[in-house]
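Enquirer: Residue numbers (our numbering): 9 to 388. All C-beta atoms, glycine included, are put in the ideal place defined by N, C-alpha and C. Computed from a predicted structure; not experimentally measured. The structure follows.
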Amino acid sequence: MSKGIDLFSRLREYQKEAVNAFISSEQGIVEMPTGAGKTYVAIAAILELLRSGKIENYIVTVPTIALAFQWYRELNKAGLHPTFIPREPNVSNIMTYPGFIKYTDSTTKVITLIPRKETMLVIDEAHHIHKGTKLYEAVAKFPAKYKLGLSATLTTGHQYPMNTVYKITTQEILKYTPKVKLHIVQVTPTPAFYQMYNRYTTNIINLISELDQITNLKEGARIEAQISRLISLRHTLMALDPHVLKATVDVSKTLCGKQIIFTLRLSAIRKLESELMKYGSVYSVLGKQSAKRLSQLNVDRIIAAKALSEGIDLPEVDVVILSSYPRRLRTLIQEVGRAMRGSTEKTVMIYMVAIPRTYEIMAAKELSAFLGVTPVVEKY
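Structure, rendered in C-alpha cells:
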C-alpha cells in the first residue's frame, strides 16, 4: 500500500487536513469547492485505511453513470481495481467489491444488503442524500465504521445523515496562493473551424447522453472510447488553430518575467517553440524525462502539455499562458495551481487564449469565479 503514502504526500495541505479530519472522525462529509480535489481526498483516505487494515473493501456511490466511469479511471490510476455494479444489481454482483452504483431506488437495496462493517462507503455528490430521500435512511443505517460524503454544494436547511467534518471555501484555499490577475484573450477562427468544432461537440453530447443509460461495463467502455476520441480530435482542432498559436506567441513576446505556457498537443509545443525562440530562451517539456530537468534550468519560457504532471518540481513563474486547455475546471485549476508558487504577496499574471462560442469561454468564466477575480477581456 505504498501508493497510498505516495498519493498522500502529493496532496495539498488542505487536502491532507481533510483526509486526517475524516479518518479521525470515521464518518462525515468533506465539503470543498469544485476543482479542489475531493476525489483525491477520498482515494487517499481509502488507500490509507486499506494500508492500515482498518477496512477490507469499499464502495463508491455516484449520481450518474458518466461520473462512475470517471471514478473508475481515477481509482485504477491509484492502483485500485474497482468493479462496476450496474443500475439494477442483484445479490451476487453486490458482493463483488469494490464497485459503483447509481443513485436509484436500487441503491437503497444494495447498501442495506451489505452487512460487513469492514466496508467503507463513499457517497459522491452527497447533497443528494438529504432527509426526505430514500437514500438518507439507507446511508444512516449502513453498518460501516467509515462513511465519507463528498460535496461542493450542501444545501443550507437540509439535514444530512452525517455531519460535516471538514469544510474549506475558495477564498480560504486562495490564502495559500499568490495574488492573481486574469486576462482573457479572445481570438476569432474561420467558419470552417466552427463547423468542425460544432460537429465534434454535438456528437460528444449525444454519446454522453447515451452513456448514462448503459449498465454494461464493456458497452460503456466502448462509448467512453468514442467520447475520448472525439474530445481528442476537438483538442487537436483548438490547439493547432493558427489564430490561437499566433495569439499565444504575440501575448508571450510582449510580457516580462518567467513564463509557463500550457497547450493540449505536443505538435503545438513544437510550433510555439520555433516562434518563441526568437524572443528568448525556451524549454519544451516533451516527456517525463525532460520534465524532471525543469528545476535545474533557468529559462525565460517553459512550454508544456500533459507531460507536466504532479510530482514535477516546477520553478516559480510570473506568467501563466493557457494557449489551449481542457473543459474540466479541476484540470484548469491544477495547471494554474502548479505554477502559482511562492509568496502570497506575489502577483501571477494568467492569460487565457479563448475562442468565442466554444467551451473555452465557459471554462475561463469558471476559472475566474474560482479565483475570485474579474478578468480583463481583450479581443485579439
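If you draw a straight line from the alpha carbon of residue 386 to that of residue 188, how long is it in whole angstroms?
Expert: Near 17 angstroms, if we compare the C-alpha coordinates of residue 188 and residue 386.
Enquirer: Quick check on the DSSP output: the beta strand (DSSP E) that includes residue 307 runs from which residue to which?
Expert: Taken as a continuous stretch (DSSP letters only), residue 307 belongs to no beta strand (DSSP E), as it is neither H nor E.
Enquirer: Just tell me which of 38, 41, 51 has its CA closest to the CA of residue 18.
Expert: Answer by Cα proximity: 51.
Enquirer: Beta-carbon within less than 8 angstroms of residue 235's beta-carbon, same chain only, minus the 5 sequence neighbours each way: which residues are those?
Expert: These residues qualify, in order along the chain: 212, 215, 216, 219.
Enquirer: State the Cα-Cα distance for the pair residue 165 and residue 153, rounded to the nearest angstrom.
Expert: Each residue's alpha carbon lies about 26 angstroms from the other.
Enquirer: Spatial neighbours of residue 231 within its chain, please: C-beta separation below 8 angstroms, excluding the five flanking residues on both sides.
Expert: Same-chain partners within the cutoff: 215, 218, 219, 222.
Enquirer: Taking 8 angstroms as the cut-off, does the region 64-82 touch the region 200-209 (at least 3 CB pairs, one atom from each stretch)?
Expert: Contact fails: fewer than three Cβ-Cβ distances are below 8 angstroms.
Enquirer: Starting from the Cα of residue 151, find the closest Cα among 132, 143, 163, 128 and give me that residue.
Expert: When only C-alpha atoms are compared, the closest one is 128.
Enquirer: Could you tell me the alpha carbon to alpha carbon distance between residue 61 and residue 143, rounded to whole angstroms?
Expert: Cα to Cα, residue 61 sits roughly 28 angstroms from residue 143.
Enquirer: Taking residue 16 as the reference, which of 134, 274, 329, 57 has the closest Cα?
Expert: Checking every option, the nearest Cα to that of residue 16 belongs to 57.
Enquirer: Cα separation between residue 269 and residue 147?
Expert: Cα to Cα, the separation comes out at about 45 angstroms.
Enquirer: Candidates 30, 32, 240, 46: which alpha carbon is nearest residue 20's?
Expert: Ranking the options by Cα distance to residue 20, first place goes to 46.
Enquirer: For the beta strand (DSSP E) containing residue 158, list its first residue and its last residue.
Expert: Per DSSP, residue 158 belongs to the beta strand (DSSP E) from 155-159.
Enquirer: Look at the Cβ atom of residue 195, then the Cβ atom of residue 363, and state whether they are nearer than 8 angstroms.
Expert: A contact, by the Cβ cut-off of 8 angstroms.
Enquirer: I'd like to check one pair, residue 239 with residue 372: are the Cβ atoms closer than 8 angstroms?
Expert: It is not a contact, given that the beta carbons lie outside the stated cut-off.
Enquirer: Just how far apart, CA to CA, sit residue 287 and residue 170?
Expert: Each residue's alpha carbon lies about 57 angstroms from the other.
Enquirer: Using only the alpha-carbon positions, how far apart do residue 255 and residue 132 sit?
Expert: In a straight line, the C-alpha of residue 255 is about 40 angstroms away from that of residue 132.
Enquirer: Which residues does DSSP pair with residue 292 in a beta bridge?
Expert: For residue 292, which the question treats as bridged, DSSP gives the partners 311.
Enquirer: Given that a residue counts as buried once 16 or more other Cβ atoms are within 10 Å of its Cβ, and exposed if not, what is residue 199?
Expert: Residue 199 comes out exposed.
Enquirer: Check for me: the beta strand (DSSP E) holding residue 267 runs from which residue to which?
Expert: Taken as a continuous stretch (DSSP letters only), the beta strand (DSSP E) holding residue 267 covers 267-270.
Enquirer: Tell me, to the nearest whole angstrom, how far the beta carbon of residue 174 is from that of residue 68; I am working on the premise that it is less than 8 angstroms.
Expert: The pair is not a contact, with the Cβ atoms about 18 angstroms apart (cut-off 8 angstroms).
Enquirer: Should residue 247 be labelled buried (16 or more other beta-carbon atoms within 10 Å of its own) or exposed?
Expert: Burial call: buried.
Enquirer: Give the DSSP-derived three-state secondary structure of residue 194 in the structure shown.
Expert: Residue state, collapsed to three classes: strand.
Enquirer: Thinking just about the alpha-carbon of each residue, which of 376, 370, 365, 366 is nearest to the one in residue 344?
Expert: Minimum Cα distance to residue 344 is reached at 376.
Enquirer: In three-state terms, what does DSSP make of residue 174?
Expert: If DSSP states are grouped into helix, strand and coil, residue 174 belongs with the strands.
Enquirer: Mind reading off the beta-carbon distance from residue 308 to residue 356? Whole number of angstroms is fine, and I expect it under 8 angstroms.
Expert: About 16 angstroms separates the two Cβ atoms, so there is no contact after all.
Enquirer: Check the DSSP bridge columns for residue 330 and list the partner residues they point to.
Expert: Partner(s): 270, 360.
Enquirer: Helix or strand or just coil, what does DSSP make of residue 114?
Expert: In this prediction, residue 114 has a pLDDT of 45, which is less than 50 and means its spatial position is unreliable; nothing more can be read from the coordinates.
Enquirer: Near residue 368, what residues of its chain come up, given a Cβ to Cβ distance below 6 angstroms and the 5 sequence neighbours on each side ignored?
Expert: Here the set comprises 362.
Enquirer: Starting from the C-beta of residue 260, find all residues in its chain whose C-beta is less than 7 angstroms away, skip the five residues before and the five after it, and write them out in chain order.
Expert: Hits under 7 angstroms: 267, 269, 284, 309, 329.
Enquirer: By alpha-carbon positions, which one of 295, 334, 168, 280 ends up nearest to residue 140?
Expert: It is 168 whose Cα lies nearest to the Cα of residue 140.
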